[in-house]
Amino acid sequence: MSKITYIEHNGKPHTIEVSNGLSVMEGAIQNNIPGIDADCGGSMACATCHVYVKEEWFDKLPKKEDGEEDMLDMAYEPRKNSRLSCQLIVSDDLDGLTVSLPEKQA
Amino acid sequence: MINTDVLVIGAGPTGLFCAHQLGIIGLKCEVVDNLDKIGGQCIELYPDKPIYDIPAIPECTGEQLTNNLIEQIKPFNINFHLNNRVEEIKKDQNNWFIKTNKGIEFKTPNIIIAGGVGSFEPRKFSLKDCEKFEGKQIFYSVKDKTQFKNKTVCIFGGGDSALDWAIELSSNSKIILVHRRDEFRGVQASVDKVKELEKQGKIEIFTKYQLSSLEGEGEIKKIGIKHDDGNIKKINADCVLGFFGLIMQLGPILKWGLNLDKKTIKVNTENFETNLDGIFAIGDICSYPGKLKLILSGFHEGALAARGCFKYARPNEKLRFEFTTTSKSVQNRLGVKKDD
Chain A
1 MSKITYIEHN GKPHTIEVSN GLSVMEGAIQ NNIPGIDADC GGSMACATCH VYVKEEWFDK
61 LPKKEDGEED MLDMAYEPRK NSRLSCQLIV SDDLDGLTVS LPEKQA
Chain B
1001 MINTDVLVIG AGPTGLFCAH QLGIIGLKCE VVDNLDKIGG QCIELYPDKP IYDIPAIPEC
1061 TGEQLTNNLI EQIKPFNINF HLNNRVEEIK KDQNNWFIKT NKGIEFKTPN IIIAGGVGSF
1121 EPRKFSLKDC EKFEGKQIFY SVKDKTQFKN KTVCIFGGGD SALDWAIELS SNSKIILVHR
1181 RDEFRGVQAS VDKVKELEKQ GKIEIFTKYQ LSSLEGEGEI KKIGIKHDDG NIKKINADCV
1241 LGFFGLIMQL GPILKWGLNL DKKTIKVNTE NFETNLDGIF AIGDICSYPG KLKLILSGFH
1301 EGALAARGCF KYARPNEKLR FEFTTTSKSV QNRLGVKKDD
């Protein structure tokens, strides 16, 4: 279990214990966090689980795989610290990760 | 007005196999899809990606799966209405009256919604002001390229659509290409061509920039673009084109009075009918306890929904269960020729 904090666009934080091995996206969906749609179910085929990773965490995350940056081109208001949360797999290394959610996903 | 036994909304794998099942039990159907081609997500999102969990097919791509399904429904000569999105539905006695955005009308006792995660729509600029100019100076597709002749056209995006139109329109327009990062994801040949046109002065390229403002009274004269580092540039533009791929939206379905659970439609698991008589939902768009978003589940759901349609389409007949291996009438519908 690792603690992941999701901050809604309106500023409301949700800190959830997510089992290691699940994605940050799955953690949000299973706990009904509003603001992550995950239309494609985690196959990196849409960009509706888009999150902004808190600066100090961004460089600690595993690098983007091919294709994630391409999908992020299609995200709503992508920024330098944008990631697809379906590609972030929870582990002890991610304990304490904070992500902010965009205004909307599509 | 087209009369049919069933209207299937969505030409993805689930809709296609459901059309097959309808054909098998002798019901006629018409298929509507908002995309310009058959295949749904399989074709739009992952035509080249392998799929490993279709029963009895160890591996196939989205495109192969689609082609096989199209082949399988050939005997039924099903009509497809592509580039059409269902806008309105109305019930009158035992029939549903349906109208698409292109004005096609259907009368049918049954609607099967196999709409995946909704219809594919172009992803738009996030800037609110853009709505006002949509279709006038801001476009998400090119219908008539002559309208851009001798104009300054600013194209946003880094994929094939953005690159292809930048190249195509550069012969008669001044092109400015803006993308949010340095790498373009279009095919290498197009990237090379764009770079070459940049050297010739036909295309101006700004990377790490995104649209930040529109300037002008009632008409766009200039646009503001913002660099990753916060710097803003003002550039002249007569037209703005955005190519950010497609998103999926439930769209008008939301307004039909269906029982919804987030972006899905609640159904029963006996025949996948919704809370409205004669409207069924199958595939990714339906939800019920234990729902798995797999293509194979969509096939199962379609087989049952097809049979659920029978009672409304043939109220005075009884549906007999038959196997394709042995039933003469089913084989006739399939056009199987036996030399006995």
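For the record, the sequence lines run as chains A and B. For the first sequence, the numbering used here assigns the number 1 to the initial residue and increments by one for each residue that follows. For the second sequence, the numbering used here assigns the number 1001 to the initial residue and increments by one for each residue that follows. Cβ atoms here follow ideal geometry from the backbone N, Cα and C, with glycine treated the same way. The structure presented is a predicted model; accordingly, all values stated were derived computationally and were not measured.
C-beta neighbour in chain A for L1163(B), strict 8 Å: no
Exposed unless 16 or more other CB atoms sit within 10 angstroms - verdict on H9(A): exposed
Cβ neighbours of C40(A) in the same chain (closer than 6 Å, five flanking residues each side left out): C46
Residue-level contact to chain A via CB, G1115(B), 8 Å cutoff: no
Coil, strand or helix - D1261(B) by DSSP: strand
Selected residue, minimal CA-CA separation from I1089(B), among C1018(B), D1164(B), C1130(B), I1009(B): I1009(B)
Where the beta strand (DSSP E) through I1009(B) begins and ends: 1006-1009
First and last residue of the uninterrupted alpha helix (DSSP H) at M71(A): 68-72
Selected residue, minimal CA-CA separation from M44(A), among N20(A), Y6(A), D70(A): D70(A)
Cβ shell of K1233(B) (< 6 Å), same chain only, five flanking positions each side left out: I1225
Whole-angstrom distance between T98(A) and L1258(B), CA atom to CA atom: 37 Å
Interface residues of chain A facing D1160(B) [CB-CB closer than 9 Å]: By Cβ distance, chain A contributes nothing, its closest Cβ being about 11 Å from D1160(B), past 9 Å.
Close beta carbons around L1022(B), own chain, < 6 Å, minus the five adjacent residues each side: V1006, C1029, A1306
Any C-beta of chain B under 8 Å from that of P78(A): yes
Contact the segment 1271-1285 of chain B vs the segment 1111-1119 of chain B: 3+ CB pairs below 8 Å: yes
Beta-carbon gap between A1237(B) and T1324(B) smaller than 8 Å: no
Contacts that E69(A) makes with chain B (C-beta to C-beta distance below 9 Å): R1181, E1183, R1185
Chain A contact residues for M962(B), given Cβ-Cβ distances below 9 Å: Residue 962(B) lies beyond the residue range present for chain B, which begins at 1001 and ends at 1340; the question has no answer from this structure.
Residue-chain proximity (D73(A), chain B), Cβ-Cβ < 8 Å: yes
Own chain partners of M74(A) with C-beta closer than 7 Å, once the 5 adjacent residues on each side are dropped: A47
Best match in T1146(B), A1303(B), V1032(B), N1275(B) for proximity to G1103(B) [C-alpha to C-alpha]: V1032(B)
Top-ranked residue by Cα proximity to K1123(B), from F1243(B), N1077(B), N1095(B): It should be pointed out that residue 1123(B) corresponds to Arg in this sequence rather than to Lys. When only C-alpha atoms are compared, the closest one is F1243(B).
T1207(B) to K1149(B) span [Cα, whole Å]: 24 Å
Three-way DSSP call (helix, strand, coil) for C46(A) in this model: coil
Contact under 8 Å by Cβ, L1069(B) with C1309(B): no
Rounded separation between N944(B) and A1019(B) - CA only: Only positions 1001 to 1340 of chain B appear in the structure, and residue 944(B) is not among them; the question remains open.
Among K1049(B), D1092(B), K1338(B), T1014(B), the one whose alpha carbon lies nearest that of N1110(B): D1092(B)
Beta-carbon contacts of I137(A) that lie in its chain and below 8 Å, excluding the five residues immediately before and after: No answer is possible for residue 137(A): it lies beyond the span of chain A, which begins at 1 and ends at 106.
Proximal residues to K1293(B) (C-beta, below 6 Å), its chain only, five neighbours per side dropped: D1284
Contacts of D1129(B) in chain A (Cβ-Cβ under 8 Å): In chain order: nothing, as chain A lies at least about 15 Å away.
Assigned exposure category for T1146(B) - 16 Cβ within 10 Å defines buried: exposed
Nearest residue (CA-CA) to R79(A), options I33(A), K54(A), S23(A): K54(A)
Beta-carbon gap between D1053(B) and L1254(B) smaller than 8 Å: no
Exposed unless 16 or more other CB atoms sit within 10 angstroms - verdict on A1162(B): buried
Pair within 8 Å by beta-carbon distance, D1036(B) and L1082(B): yes
Segment limits, alpha helix (DSSP H) that includes L22(A): Run containing L22(A): none; DSSP gives neither H nor E here.
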